[in-house]
Amino acid sequence: MFEFFSEIRWEYLYDFDLAIESIPFLLEGLRVTMIIAGFSMVFALIIGIIVGIARMSKLAIFRLPAKFYISFMRGTPLLVFVFILYYGLPVIGIEFESSIVAAIVGVSFNFAAYLAEVVRSAISSVPKGQWEAAETLQMSYFQTLRRIIIPQATRIAVPPTFNIFMDVLKGTSLASVITVQELLYSGRLIAGRTYDSMTMYITVAIIYWLVSIVIGAIQSRLEVRYNRYLAKG
Numbered sequence: 000m001f002e003f004f005s006e007i008r009w010e011y012l013y014d015f016d017l018a019i020e021s022i023p024f025l026l027e028g029l030r031v032t033m034i035i036a037g038f039s040m041v042f043a044l045i046i047g048i049i050v051g052i053a054r055m056s057k058l059a060i061f062r063l064p065a066k067f068y069i070s071f072m073r074g075t076p077l078l079v080f081v082f083i084l085y086y087g088l089p090v091i092g093i094e095f096e097s098s099i100v101a102a103i104v105g106v107s108f109n110f111a112a113y114l115a116e117v118v119r120s121a122i123s124s125v126p127k128g129q130w131e132a133a134e135t136l137q138m139s140y141f142q143t144l145r146r147i148i149i150p151q152a153t154r155i156a157v158p159p160t161f162n163i164f165m166d167v168l169k170g171t172s173l174a175s176v177i178t179v180q181e182l183l184y185s186g187r188l189i190a191g192r193t194y195d196s197m198t199m200y201i202t203v204a205i206i207y208w209l210v211s212i213v214i215g216a217i218q219s220r221l222e223v224r225y226n227r228y229l230a231k232g
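Structure, rendered in structure tokens:
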């Protein structure tokens, strides 16, 4: 065992000088990654809320399409869906303005299915007595959602929503396969030029990790804030 470790060329494991020199180029890739992740999360939230509410509808015309959408998106790989959008749709005359737009659309629609389930479970966890109280006040379904249910469900939905945001962030790396120059693609370019894949991929992994730590810190602050308001209530 010790002989195995002694044979490893540790000096080739990580080149700190190369990593530091590559930071500006990688940060430019990170900027593209955050643009894709940010827009995708916003659109996914909007779509997810709509689909999640439709999934809970008593009307089959809303419930069944929502159920099919969630099943299809959760049951197919994001990479396949991105390929369909970027390489498949042009066959029928539909093309995106850029690969970044295709990536945002693909990530948004895919993760919207997961957020729809978060929305559904969060709303379902609000006690039925809240619905009944709203009904006695003669509030409409959408008034009840907007004024009573959603504010309470938001606190419940915060942790899983941020977990999905981390998945969205990491999922943007798949955009590299359609030539979007995001963080992973930038690392691949440097690795191809320097022939030092280990250094670049470790550096890319560290950057993803650091961003995830920041997202986790924001999540913790929001949880404390919502829990404080709950305690005051």
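Going by numbering that gives the first Met the number 0, the first residue of the sequence shown is number 0, and it counts up by one from there.
The C-beta atom is built at its ideal place from N, Cα and C for all residues, glycine as well.
Closest by C-alpha distance to residue i, when choosing among the options
| i | options | result |
| --- | --- | --- |
| W130 | R119, L144, L17 | L144 |
| L12 | M138, R119, Y200 | Y200 |
| I212 | A18, D166, A101, Y68 | D166 |
| I49 | K169, G92, V117, A101 | V117 |
| S21 | I177, G51, G186, P64 | G186 |
| I214 | T160, F61, I189, L188 | T160 |
| R224 | T171, V157, V100 | V157 |
| G105 | I34, F80, Y86, R119 | F80 |
| R154 | V210, S120, L58 | S120 |
| Y184 | G92, L136, V31, D14 | V31 |
| L235 | F24, A101, A204 | One cannot answer for residue 235 here, as it falls past the ends of the chain, which runs 0 to 232. |
| M33 | A190, F164, A216 | F164 |
| V125 | L173, T171, P150 | P150 |
| P76 | R54, L26, L173 | L173 |
| A152 | I52, I83, I122, V90 | I122 |
| I52 | W208, F141, F82, A204 | F141 |
Own chain, CB closer than 6 Å to residue i, minus 5 neighbours either side, in chain order
| i | result |
| --- | --- |
| A43 | S107, F110, A111, L114 |
| K231 | Because the pLDDT at K231 is just 49, under 50, the model does not fix this residue reliably, and the point stays unresolved. |
| Q218 | F161 |
| I99 | V179 |
| I46 | A111 |
| A190 | S196, M199 |
Segment limits, alpha helix (DSSP H) that includes residue i
| i | result |
| --- | --- |
| M40 | 15-54 |
| L58 | Note, L58: premise wrong, no alpha helix (DSSP H); not H, not E. |
| L88 | First-last for L88: undefined, no H or E at that position. |
| F82 | 77-82 |
Contacts around residue i, its chain only, beta-carbon distance under 7 Å, and the 5 residues preceding and following it disregarded
| i | result |
| --- | --- |
| L17 | T193, D195, T198 |
| Y68 | V50, A112 |
| D14 | D195, T198 |
| V41 | none |
| L29 | L182, I206 |
| A133 | T143, I147 |
| Y228 | In this predicted model, Y228 has a pLDDT of only 47, less than 50, meaning its place in the structure is not dependable; the value taken from the coordinates is given anyway. Nothing listed; no residue qualifies. |
8 Å contact criterion, which residue i and residue j should meet: CB distance rounded
| i | j | result |
| --- | --- | --- |
| S39 | I103 | 5 Å |
| E96 | L88 | Not really, about 13 Å apart at Cβ, beyond 8 Å. |
| Y85 | I177 | 5 Å |
| I234 | L182 | Nothing about residue 234 can be reported from this structure: the residues present for the chain run from 0 to 232 only. |
| L188 | A36 | L188 to A36, Cβ: 20 Å. No contact. |
| R62 | S70 | Not a contact, Cβ separation roughly 12 Å. |
| T202 | L25 | 7 Å |
| R73 | A65 | In fact, because the Cβ distance is near 12 Å, the residues do not count as touching under 8 Å. |
C-beta neighbour in chain B for residue i, strict 7 Å
| i | result |
| --- | --- |
| L168 | The question asks about chain B, but that chain is absent: this structure has only one protein chain. |
Any non-hydrogen atom of the ligand COA within 6 Å of residue i CB
| i | result |
| --- | --- |
| F71 | No copy of the ligand COA appears in this structure; indeed no ligand is present at all. |
Just to confirm the assignment: which complete beta strand (DSSP E) runs, minimum length 3, are found wholly within the stretch 113-201?
Positions of the beta strand (DSSP E) runs, each at least 3 residues long and wholly inside the stretch 113-201, cannot be given because no such run exists.
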